[in-house]
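These notes are about the structure you will find just below.
In our numbering, the protein residues as written are 2 to 415.
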(Lines of atoms letter the chains of each structure in order from A and count residues from 1; the text may use other names and numbers.)
(Lines give C-alpha, C1' and ligand atoms only; values in the text may rest on other atoms or scores of the structure.)
Protein backbone atom coordinates (compact mmCIF):
# COMPACT_ATOMS: atom_id res chain seq x y z
CA UNK A 1 0.00 0.00 0.00
CA UNK A 2 1.54 3.30 -1.15
CA UNK A 3 -0.08 5.42 1.54
CA UNK A 4 1.25 3.16 4.30
CA UNK A 5 4.74 3.55 2.89
CA UNK A 6 4.30 7.34 2.85
CA UNK A 7 3.12 7.29 6.47
CA UNK A 8 6.26 5.38 7.43
CA UNK A 9 8.27 8.18 5.83
CA UNK A 10 6.54 10.63 8.21
CA UNK A 11 7.63 8.73 11.34
CA UNK A 12 11.14 10.30 11.54
CA UNK A 13 9.46 13.70 11.22
CA UNK A 14 7.16 13.25 14.24
CA UNK A 15 9.08 15.65 16.51
CA UNK A 16 8.93 18.27 13.74
CA UNK A 17 5.30 17.82 12.70
CA UNK A 18 3.71 17.66 16.17
CA UNK A 19 4.85 21.14 17.31
CA UNK A 20 4.22 22.57 13.83
CA UNK A 21 0.63 21.28 13.86
CA UNK A 22 0.09 22.76 17.32
CA UNK A 23 1.58 26.06 16.08
CA UNK A 24 -0.73 26.12 13.05
CA UNK A 25 -3.77 25.33 15.24
CA UNK A 26 -2.86 28.15 17.65
CA UNK A 27 -2.42 30.69 14.84
CA UNK A 28 -5.53 29.67 12.90
CA UNK A 29 -7.87 29.82 15.89
CA UNK A 30 -7.22 33.58 16.16
CA UNK A 31 -7.96 34.42 12.49
CA UNK A 32 -11.74 34.54 12.72
CA UNK A 33 -11.81 36.64 15.89
CA UNK A 34 -9.15 39.17 14.80
CA UNK A 35 -11.53 40.86 12.36
CA UNK A 36 -14.07 41.49 15.13
CA UNK A 37 -11.40 42.61 17.61
CA UNK A 38 -9.65 45.04 15.26
CA UNK A 39 -12.88 46.42 13.78
CA UNK A 40 -14.38 46.82 17.25
CA UNK A 41 -11.32 48.64 18.57
CA UNK A 42 -10.65 50.92 15.57
CA UNK A 43 -14.23 51.53 14.35
CA UNK A 44 -16.60 50.92 17.28
CA UNK A 45 -20.17 50.12 16.27
CA UNK A 46 -19.40 49.84 12.53
CA UNK A 47 -19.38 46.82 10.23
CA UNK A 48 -16.94 48.40 7.75
CA UNK A 49 -13.58 49.70 8.93
CA UNK A 50 -11.40 51.38 6.32
CA UNK A 51 -8.71 52.02 8.93
CA UNK A 52 -8.36 48.30 9.66
CA UNK A 53 -8.20 47.47 5.95
CA UNK A 54 -5.52 50.12 5.34
CA UNK A 55 -3.48 49.06 8.39
CA UNK A 56 -3.58 45.46 7.18
CA UNK A 57 -2.40 46.65 3.77
CA UNK A 58 0.43 48.70 5.28
CA UNK A 59 1.41 45.75 7.45
CA UNK A 60 1.50 43.43 4.45
CA UNK A 61 3.58 45.93 2.45
CA UNK A 62 6.16 46.35 5.22
CA UNK A 63 6.34 42.59 5.69
CA UNK A 64 6.82 42.13 1.95
CA UNK A 65 9.68 44.68 1.84
CA UNK A 66 11.66 43.04 4.62
CA UNK A 67 10.83 39.45 3.66
CA UNK A 68 12.59 39.97 0.32
CA UNK A 69 15.83 40.00 2.31
CA UNK A 70 14.90 38.03 5.43
CA UNK A 71 13.48 34.90 3.78
CA UNK A 72 16.50 34.11 1.58
CA UNK A 73 18.74 35.01 4.53
CA UNK A 74 16.93 32.58 6.84
CA UNK A 75 17.20 29.89 4.18
CA UNK A 76 20.96 30.41 3.95
CA UNK A 77 21.34 30.46 7.74
CA UNK A 78 19.37 27.21 7.94
CA UNK A 79 21.80 25.62 5.46
CA UNK A 80 24.85 26.89 7.34
CA UNK A 81 23.92 26.78 11.03
CA UNK A 82 21.17 24.17 11.15
CA UNK A 83 17.40 23.90 10.89
CA UNK A 84 16.60 23.64 14.61
CA UNK A 85 17.76 27.09 15.84
CA UNK A 86 15.96 28.79 12.95
CA UNK A 87 12.76 26.84 13.65
CA UNK A 88 12.97 27.76 17.34
CA UNK A 89 13.34 31.43 16.43
CA UNK A 90 10.52 31.54 13.90
CA UNK A 91 7.89 29.65 15.91
CA UNK A 92 8.52 31.81 18.99
CA UNK A 93 7.76 35.18 17.40
CA UNK A 94 3.95 34.86 17.53
CA UNK A 95 3.65 34.62 21.32
CA UNK A 96 4.04 38.31 22.28
CA UNK A 97 1.55 39.91 19.82
CA UNK A 98 -1.24 37.52 20.83
CA UNK A 99 -0.37 38.06 24.50
CA UNK A 100 -1.13 41.77 24.01
CA UNK A 101 -4.62 41.03 22.69
CA UNK A 102 -5.20 38.50 25.48
CA UNK A 103 -4.45 41.30 27.93
CA UNK A 104 -6.54 44.10 26.40
CA UNK A 105 -8.64 44.86 23.29
CA UNK A 106 -8.30 48.65 23.45
CA UNK A 107 -7.22 50.74 20.46
CA UNK A 108 -3.73 51.28 21.91
CA UNK A 109 -3.16 47.55 22.40
CA UNK A 110 -4.44 46.81 18.90
CA UNK A 111 -1.92 49.30 17.47
CA UNK A 112 0.84 47.68 19.55
CA UNK A 113 -0.32 44.28 18.30
CA UNK A 114 -0.01 45.42 14.68
CA UNK A 115 3.55 46.69 15.25
CA UNK A 116 4.84 43.55 16.98
CA UNK A 117 2.86 41.23 14.72
CA UNK A 118 4.49 42.91 11.71
CA UNK A 119 7.94 42.04 13.09
CA UNK A 120 6.68 38.50 13.78
CA UNK A 121 5.41 38.13 10.20
CA UNK A 122 8.74 39.33 8.79
CA UNK A 123 10.57 36.56 10.65
CA UNK A 124 8.06 33.72 10.55
CA UNK A 125 5.63 34.09 7.64
CA UNK A 126 6.66 31.60 4.97
CA UNK A 127 10.01 30.84 6.63
CA UNK A 128 8.60 28.20 9.00
CA UNK A 129 7.29 26.14 6.09
CA UNK A 130 10.47 26.65 4.04
CA UNK A 131 12.77 25.54 6.85
CA UNK A 132 10.46 22.61 7.65
CA UNK A 133 10.61 21.57 3.97
CA UNK A 134 14.44 21.79 4.05
CA UNK A 135 14.46 19.69 7.24
CA UNK A 136 12.23 17.13 5.52
CA UNK A 137 14.49 17.05 2.46
CA UNK A 138 17.43 16.21 4.75
CA UNK A 139 15.66 13.08 5.96
CA UNK A 140 13.33 11.85 3.21
CA UNK A 141 14.59 10.26 -0.01
CA UNK A 142 14.05 12.04 -3.34
CA UNK A 143 11.43 9.58 -4.57
CA UNK A 144 9.22 10.10 -1.49
CA UNK A 145 9.51 13.87 -1.03
CA UNK A 146 6.47 14.88 -3.11
CA UNK A 147 4.13 12.57 -1.23
CA UNK A 148 5.60 13.60 2.15
CA UNK A 149 5.30 17.31 1.30
CA UNK A 150 1.66 16.74 0.41
CA UNK A 151 1.02 14.84 3.63
CA UNK A 152 2.58 17.75 5.54
CA UNK A 153 0.32 20.18 3.71
CA UNK A 154 -2.62 17.89 4.52
CA UNK A 155 -1.65 18.12 8.19
CA UNK A 156 -1.45 21.89 7.73
CA UNK A 157 -5.05 21.86 6.44
CA UNK A 158 -6.18 19.55 9.26
CA UNK A 159 -4.56 21.90 11.79
CA UNK A 160 -6.48 24.81 10.29
CA UNK A 161 -9.74 22.87 10.58
CA UNK A 162 -9.02 22.06 14.24
CA UNK A 163 -8.08 25.68 14.89
CA UNK A 164 -11.34 26.89 13.38
CA UNK A 165 -13.34 24.31 15.34
CA UNK A 166 -11.77 25.62 18.54
CA UNK A 167 -12.50 29.20 17.46
CA UNK A 168 -16.12 28.27 16.64
CA UNK A 169 -16.93 26.81 20.04
CA UNK A 170 -14.59 28.65 22.43
CA UNK A 171 -15.84 31.94 23.92
CA UNK A 172 -13.99 34.90 22.47
CA UNK A 173 -12.35 35.80 25.79
CA UNK A 174 -10.58 32.42 25.96
CA UNK A 175 -9.33 32.17 22.38
CA UNK A 176 -6.12 34.17 22.81
CA UNK A 177 -5.32 32.51 26.16
CA UNK A 178 -5.58 29.02 24.68
CA UNK A 179 -3.61 30.14 21.63
CA UNK A 180 -0.74 31.49 23.76
CA UNK A 181 -0.54 28.25 25.76
CA UNK A 182 -0.26 26.23 22.55
CA UNK A 183 2.30 28.64 21.05
CA UNK A 184 4.53 28.36 24.13
CA UNK A 185 4.36 24.57 23.92
CA UNK A 186 5.89 24.51 20.40
CA UNK A 187 9.42 25.90 20.98
CA UNK A 188 9.67 24.06 24.32
CA UNK A 189 8.88 20.74 22.65
CA UNK A 190 11.27 21.42 19.75
CA UNK A 191 14.08 22.33 22.12
CA UNK A 192 13.64 19.07 24.04
CA UNK A 193 13.00 16.54 21.26
CA UNK A 194 13.86 17.86 17.77
CA UNK A 195 17.19 16.60 16.41
CA UNK A 196 19.42 18.71 14.18
CA UNK A 197 20.05 17.44 10.63
CA UNK A 198 22.76 19.90 9.57
CA UNK A 199 26.24 20.13 11.04
CA UNK A 200 26.91 23.80 11.80
CA UNK A 201 29.74 25.39 9.84
CA UNK A 202 32.97 25.85 11.89
CA UNK A 203 33.87 29.40 12.87
CA UNK A 204 37.39 30.21 11.76
CA UNK A 205 37.54 33.94 12.53
CA UNK A 206 36.69 34.08 16.23
CA UNK A 207 39.56 36.44 17.01
CA UNK A 208 38.86 38.99 14.25
CA UNK A 209 37.71 42.47 15.10
CA UNK A 210 33.98 43.07 15.50
CA UNK A 211 33.72 45.53 12.59
CA UNK A 212 35.73 43.28 10.27
CA UNK A 213 33.64 40.29 11.26
CA UNK A 214 30.42 42.21 10.61
CA UNK A 215 31.60 43.32 7.18
CA UNK A 216 32.59 39.75 6.35
CA UNK A 217 29.16 38.49 7.37
CA UNK A 218 27.36 41.13 5.27
CA UNK A 219 29.58 40.39 2.27
CA UNK A 220 29.10 36.66 2.70
CA UNK A 221 25.32 37.04 2.89
CA UNK A 222 25.29 39.24 -0.22
CA UNK A 223 27.39 36.71 -2.15
CA UNK A 224 25.10 33.90 -0.96
CA UNK A 225 22.02 35.75 -2.15
CA UNK A 226 23.70 36.36 -5.51
CA UNK A 227 24.46 32.64 -5.68
CA UNK A 228 20.83 31.80 -4.88
CA UNK A 229 19.59 34.17 -7.62
CA UNK A 230 22.06 32.70 -10.10
CA UNK A 231 21.01 29.18 -9.10
CA UNK A 232 17.33 29.92 -9.76
CA UNK A 233 17.78 32.01 -12.90
CA UNK A 234 20.08 29.45 -14.53
CA UNK A 235 17.59 26.62 -14.00
CA UNK A 236 14.54 26.72 -16.35
CA UNK A 237 12.36 24.83 -13.89
CA UNK A 238 13.21 27.04 -10.93
CA UNK A 239 12.81 30.15 -13.09
CA UNK A 240 9.35 29.04 -14.25
CA UNK A 241 8.16 28.05 -10.79
CA UNK A 242 9.32 31.46 -9.50
CA UNK A 243 7.01 33.20 -11.99
CA UNK A 244 4.14 30.87 -11.11
CA UNK A 245 4.68 31.55 -7.41
CA UNK A 246 4.88 35.31 -7.96
CA UNK A 247 1.51 35.70 -9.71
CA UNK A 248 -0.17 33.06 -7.57
CA UNK A 249 0.93 34.81 -4.39
CA UNK A 250 -0.02 38.19 -5.87
CA UNK A 251 -3.59 36.96 -6.28
CA UNK A 252 -3.87 34.85 -3.13
CA UNK A 253 -2.38 37.47 -0.81
CA UNK A 254 -4.72 40.04 -2.32
CA UNK A 255 -7.74 37.86 -1.60
CA UNK A 256 -6.67 36.69 1.85
CA UNK A 257 -5.81 40.19 3.10
CA UNK A 258 -9.27 41.63 2.45
CA UNK A 259 -11.68 38.67 2.24
CA UNK A 260 -12.84 38.54 5.87
CA UNK A 261 -13.29 42.33 6.03
CA UNK A 262 -15.26 42.13 2.78
CA UNK A 263 -17.52 39.39 4.18
CA UNK A 264 -18.10 41.38 7.37
CA UNK A 265 -18.97 44.54 5.43
CA UNK A 266 -21.06 42.90 2.71
CA UNK A 267 -22.89 40.23 4.75
CA UNK A 268 -22.35 41.15 8.40
CA UNK A 269 -20.42 37.96 9.20
CA UNK A 270 -19.07 37.42 12.72
CA UNK A 271 -16.53 35.11 14.39
CA UNK A 272 -18.70 32.01 14.21
CA UNK A 273 -19.54 32.41 10.52
CA UNK A 274 -15.89 33.11 9.67
CA UNK A 275 -14.90 29.91 11.50
CA UNK A 276 -17.52 27.87 9.65
CA UNK A 277 -16.38 29.13 6.23
CA UNK A 278 -12.71 28.54 7.05
CA UNK A 279 -13.58 25.04 8.30
CA UNK A 280 -15.28 24.24 5.00
CA UNK A 281 -12.21 25.38 3.07
CA UNK A 282 -9.95 23.34 5.33
CA UNK A 283 -12.07 20.18 5.03
CA UNK A 284 -12.06 20.55 1.24
CA UNK A 285 -8.26 20.91 1.37
CA UNK A 286 -7.90 17.69 3.38
CA UNK A 287 -10.11 15.82 0.91
CA UNK A 288 -8.02 17.03 -2.01
CA UNK A 289 -4.84 15.94 -0.23
CA UNK A 290 -6.24 12.47 0.45
CA UNK A 291 -7.32 12.01 -3.18
CA UNK A 292 -4.49 13.68 -5.10
CA UNK A 293 -1.35 13.82 -2.93
CA UNK A 294 0.47 11.29 -5.11
CA UNK A 295 0.14 13.58 -8.15
CA UNK A 296 2.14 16.42 -6.67
CA UNK A 297 5.22 15.66 -8.78
CA UNK A 298 3.17 16.15 -11.97
CA UNK A 299 3.81 19.53 -13.59
CA UNK A 300 0.11 20.23 -14.15
CA UNK A 301 -0.76 20.17 -10.44
CA UNK A 302 0.37 23.73 -9.55
CA UNK A 303 -1.65 25.48 -12.23
CA UNK A 304 -4.66 23.15 -11.93
CA UNK A 305 -4.57 23.75 -8.19
CA UNK A 306 -4.35 27.51 -8.73
CA UNK A 307 -7.57 27.33 -10.75
CA UNK A 308 -9.79 25.50 -8.24
CA UNK A 309 -10.19 26.85 -4.72
CA UNK A 310 -11.04 23.49 -3.14
CA UNK A 311 -7.65 22.04 -4.13
CA UNK A 312 -5.61 25.23 -4.03
CA UNK A 313 -3.73 23.76 -1.09
CA UNK A 314 -1.92 21.44 -3.53
CA UNK A 315 -0.04 24.43 -4.94
CA UNK A 316 2.38 24.56 -2.00
CA UNK A 317 3.43 20.88 -1.88
CA UNK A 318 3.70 20.76 -5.67
CA UNK A 319 5.80 23.94 -5.70
CA UNK A 320 8.07 22.82 -2.85
CA UNK A 321 8.43 19.37 -4.43
CA UNK A 322 9.41 20.79 -7.83
CA UNK A 323 11.91 23.19 -6.23
CA UNK A 324 13.35 20.35 -4.14
CA UNK A 325 13.60 18.07 -7.16
CA UNK A 326 15.25 20.75 -9.29
CA UNK A 327 17.96 21.66 -6.75
CA UNK A 328 20.71 19.70 -5.05
CA UNK A 329 20.68 18.81 -1.34
CA UNK A 330 23.30 21.47 -0.56
CA UNK A 331 21.15 24.20 -2.16
CA UNK A 332 17.73 23.27 -0.75
CA UNK A 333 17.59 26.21 1.66
CA UNK A 334 18.87 28.71 -0.93
CA UNK A 335 16.38 27.64 -3.61
CA UNK A 336 13.39 27.42 -1.26
CA UNK A 337 14.36 30.74 0.35
CA UNK A 338 14.77 32.54 -2.99
CA UNK A 339 11.36 31.44 -4.28
CA UNK A 340 9.85 32.39 -0.92
CA UNK A 341 11.49 35.79 -1.38
CA UNK A 342 9.83 36.10 -4.79
CA UNK A 343 6.51 35.34 -3.10
CA UNK A 344 7.23 38.04 -0.53
CA UNK A 345 7.69 40.58 -3.35
CA UNK A 346 4.19 39.68 -4.53
CA UNK A 347 2.92 40.05 -0.97
CA UNK A 348 4.51 43.52 -0.94
CA UNK A 349 2.89 44.67 -4.18
CA UNK A 350 -0.56 43.18 -3.64
CA UNK A 351 -1.83 45.42 -0.79
CA UNK A 352 -0.70 48.56 -2.63
CA UNK A 353 -3.63 47.92 -4.98
CA UNK A 354 -6.00 45.68 -3.03
CA UNK A 355 -6.40 47.72 0.16
CA UNK A 356 -7.48 51.03 -1.44
CA UNK A 357 -9.47 49.15 -4.10
CA UNK A 358 -11.39 47.18 -1.47
CA UNK A 359 -12.01 50.24 0.69
CA UNK A 360 -13.20 52.20 -2.37
CA UNK A 361 -15.68 49.59 -3.58
CA UNK A 362 -17.04 49.00 -0.06
CA UNK A 363 -17.72 52.73 0.35
CA UNK A 364 -20.62 54.80 -0.99
CA UNK A 365 -18.30 56.40 -3.57
CA UNK A 366 -17.74 53.24 -5.66
CA UNK A 367 -17.93 53.85 -9.43
CA UNK A 368 -20.26 50.84 -9.81
CA UNK A 369 -21.91 48.30 -7.55
CA UNK A 370 -19.37 45.47 -7.17
CA UNK A 371 -18.17 45.21 -3.58
CA UNK A 372 -15.92 42.28 -4.42
CA UNK A 373 -14.17 43.92 -7.39
CA UNK A 374 -10.73 43.66 -5.74
CA UNK A 375 -11.25 39.89 -5.46
CA UNK A 376 -11.99 39.77 -9.20
CA UNK A 377 -8.69 41.57 -9.89
CA UNK A 378 -6.84 39.12 -7.64
CA UNK A 379 -8.39 36.22 -9.53
CA UNK A 380 -7.01 37.62 -12.82
CA UNK A 381 -3.50 37.42 -11.30
CA UNK A 382 -4.10 33.74 -10.56
CA UNK A 383 -5.15 33.17 -14.18
CA UNK A 384 -1.79 34.66 -15.24
CA UNK A 385 -0.13 32.20 -12.82
CA UNK A 386 -2.01 29.41 -14.56
CA UNK A 387 -0.67 30.55 -17.95
CA UNK A 388 2.94 30.65 -16.75
CA UNK A 389 2.56 27.22 -15.13
CA UNK A 390 1.69 25.80 -18.54
CA UNK A 391 5.27 26.63 -19.58
CA UNK A 392 6.92 24.46 -16.92
CA UNK A 393 9.06 21.84 -18.63
CA UNK A 394 8.99 18.48 -16.88
CA UNK A 395 11.87 17.29 -19.07
CA UNK A 396 14.09 19.93 -17.44
CA UNK A 397 13.44 18.37 -14.03
CA UNK A 398 14.32 14.92 -15.30
CA UNK A 399 17.53 16.16 -16.96
CA UNK A 400 18.51 17.91 -13.74
CA UNK A 401 18.04 14.62 -11.88
CA UNK A 402 20.31 12.92 -14.40
CA UNK A 403 22.98 15.57 -13.88
CA UNK A 404 22.75 15.08 -10.11
CA UNK A 405 23.10 11.32 -10.56
CA UNK A 406 26.25 11.82 -12.65
CA UNK A 407 27.61 14.24 -10.07
CA UNK A 408 27.00 11.77 -7.25
CA UNK A 409 28.73 9.02 -9.25
CA UNK A 410 31.79 11.21 -9.86
CA UNK A 411 31.96 12.19 -6.20
CA UNK A 412 31.68 8.58 -5.04
CA UNK A 413 34.33 7.51 -7.56
CA UNK A 414 36.73 10.13 -6.34
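Quick reminder that beta carbons are idealized off the backbone N, C-alpha and C, glycines included.
Taking each of 99, 138, 89 and 264 in turn and checking the Cα distance to residue 363, the smallest one comes out for 264. Judged by their CB atoms, residue 121 and residue 95 are nearer to each other than the 8 Å cut-off. Under the three-pair Cβ rule at 8 Å, the region 83-94 does not count as touching the region 238-248. For the region 125-198, the full-length alpha helix (DSSP H) segments reaching 4 residues or more read 128-140, 146-170 and 173-194 along the chain. About 4 Å separates the CB atoms of residue 382 and residue 251; that is less than 8 Å, so the two are in contact. Straight through space, the alpha carbons of residue 376 and residue 197 are spaced by roughly 42 Å. Judged by DSSP secondary structure, residue 394 falls outside any alpha helix (DSSP H); it is assigned neither H nor E. Contact between the region 44-58 and the region 172-179 is absent, with fewer than three C-beta pairs closer than 8 Å.
In terms of Cβ geometry, residue 93 and residue 188 form a close pair [threshold 8 Å]. Comparing alpha-carbon positions, the option among 350, 380 and 134 lying closest to residue 324 turns out to be 134.
Per DSSP, the unbroken alpha helix (DSSP H) holding residue 78 starts and ends at 51-82.
The alpha-carbon separation between residue 185 and residue 35 amounts to approximately 20 Å. Remark: fewer than three beta-carbon pairs, one from each stretch, lie closer than 8 Å, so the region 71-84 and the region 48-62 are not flagged as touching. Of the candidates 356, 378 and 361, the residue whose Cα lies closest to the Cα of residue 61 is 356. Between residue 164 and residue 26, the gap from beta carbon to beta carbon is short of 8 Å. Of 270, 246 and 351, the smallest CA-CA separation from residue 321 is found for 246. Where residue 14 is concerned, there is no enclosing alpha helix (DSSP H), because DSSP gives it neither an H nor an E. When 353, 366, 272 and 326 are compared, the shortest CA-CA separation from residue 148 is found for 326. The beta carbon of residue 109 is closer than 8 Å to none in its chain, skipping five residues each way along the sequence.
For residue 274, the three-state secondary structure derived from DSSP is helix. Residue 369 is classed as exposed because its beta carbon has fewer than 16 other beta carbons within 10 Å across all chains shown.
Across the structure, residue 141 and residue 359 are spaced so that their CA atoms are roughly 43 Å apart.
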